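To start, the structure under review is shown below, and the notes come after it.
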Amino acid sequence: MSRHACTDPKHHVHGAADFVAAVEAACHARGLRLTPVRARVLGLVADAGRPVKAYDLLEMLKPTAADEEGVGAAAPPTVYRALDFLLANGFIHKLESVNAFVACHHPSTAQHSVPFLICDRCHSAVELEDRAVVAALDERARALGFVPQAQTLEVHGLCARCSG
Ligand SMILES: [Zn+2]
Ligand SMILES: [Zn+2]
């Protein structure tokens, strides 16, 4: 489990194919199966370059006239199941406040809590990779006798490019 401090917001956006290949390797190492439809959904999320809604994914996976055989098309329940798999294994994150999905920067780690910085102008979303933030919240909650099970940390504002 290698961790790297990634501060480049475009890190996971450059080359969806590379990202899918990395997840495929992670799946193999963890005894998981990245089926073609899971790989396709993952590729679309990574390729979007910004948070993408389930509805948009369904649109992208709809059979088209040029795709009569339905190759590459997937029924909604299949798409939702693929998203569940990718979420449960930490390959993508769900941004609750905008109800959309983004690819994870570090697919070789298991599901993890990360704060997200979401730009309200260009709709980019960046993982704030700082264990200290997550650990501090966890610690404060436990000090109050609260047992945290899920953290949704989403900070809205303007990214450096949009505010500059
Ligand atoms: Zn992540
Ligand atoms: Zn922005």
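Heads up, the sequence shown is in our numbering, so the first residue is 98 and it goes up one at a time. Glycine is no exception: its CB is placed at the ideal position from the N, C-alpha and C atoms. If you're wondering where the values come from, they're calculated on a predicted model, not measured in any experiment.
For residue i, name the three-state secondary structure that DSSP assigns.
i: E136; result: The amino acid occupying residue 136 in the given sequence is Ala; Glu does not appear at that position. If DSSP states are grouped into helix, strand and coil, A136 belongs with the helices.
i: H203; result: coil
i: G195; result: Here the sequence assigns Val to residue 195, which means Gly is not the residue at that position. Note: V195 maps to coil in three-state DSSP.
i: R147; result: coil
i: L141; result: helix
i: V110; result: Here V110 scores only 46 on pLDDT, less than 50, and its place in the model should not be relied on; the value that follows carries that caveat. Residue state, collapsed to three classes: coil.
Note down the Cα distance separating residue i from residue j, rounded to an integer number of angstroms.
i: L234; j: V223; result: 19 Å
i: L250; j: R258; result: 22 Å
i: V117; j: C201; result: 11 Å
i: S99; j: L255; result: Confidence in S99 is poor, its pLDDT being 36 and thus under 50, which makes the residue's placement unreliable; the coordinate value appears in the next sentence. In a straight line, the C-alpha of S99 is about 30 Å away from that of L255.
i: P221; j: P148; result: Before going on, a small fix: residue 221 reads as Ser here, not Pro. If you take the alpha carbons of S221 and P148, they lie about 7 Å apart.
i: P174; j: G261; result: 42 Å
i: L155; j: D181; result: 14 Å
i: N196; j: K150; result: 6 Å
i: M157; j: H190; result: 19 Å
i: G146; j: H125; result: 25 Å
i: R137; j: R218; result: 28 Å
i: P133; j: R237; result: 42 Å
i: R239; j: A123; result: 32 Å
i: H253; j: A247; result: 19 Å
i: L241; j: R228; result: 20 Å
i: A232; j: A185; result: 21 Å
i: L95; j: G128; result: Absent from the model: residue 95. The displayed extent of the chain is 98 to 261, so no value can be given.
Looking at the unbroken beta strand (DSSP E) that takes in residue i, where does it start and where does it end?
i: L192; result: I189 to L192
For the alpha helix (DSSP H) containing residue i, list its first residue and its last residue.
i: C256; result: No alpha helix (DSSP H) holds C256; DSSP gives it neither H nor E.
i: L154; result: A151 to M157
i: A179; result: P173 to A185
i: A118; result: A113 to R127
Beta-carbon within less than 7 Å of residue i's beta-carbon, same chain only, minus the 5 sequence neighbours each way: which residues are those?
i: V120; result: L131, L139, F188 and P204
i: H54; result: Outside the shown range of the chain, which is 98 to 261, sits residue 54, and nothing can be said about it.
Looking only at its chain, what residues have a beta carbon closer than 8 Å to the beta carbon of residue i, apart from the 5 residues adjacent to it on each side?
i: V230; result: P212 and L250
i: K159; result: A170
i: R135; result: A179, F182 and L183
Spatial neighbours of residue i within its chain, please: C-beta separation below 6 Å, excluding the five flanking residues on both sides.
i: E193; result: T249
i: L225; result: P212 and L214
Is the CB of residue i under 8 Å away from at least one CB in chain C?
i: A136; result: The structure shown contains no chain C; it is built from a single protein chain.
Can you list the beta strand (DSSP E) stretches of 3 or more residues lying completely in the region 205-251, in chain order?
Taken in chain order, the unbroken stretches of beta strand (DSSP E) that lie wholly in the region 205-251 and span 3 residues or more are 213-216 and 222-224.
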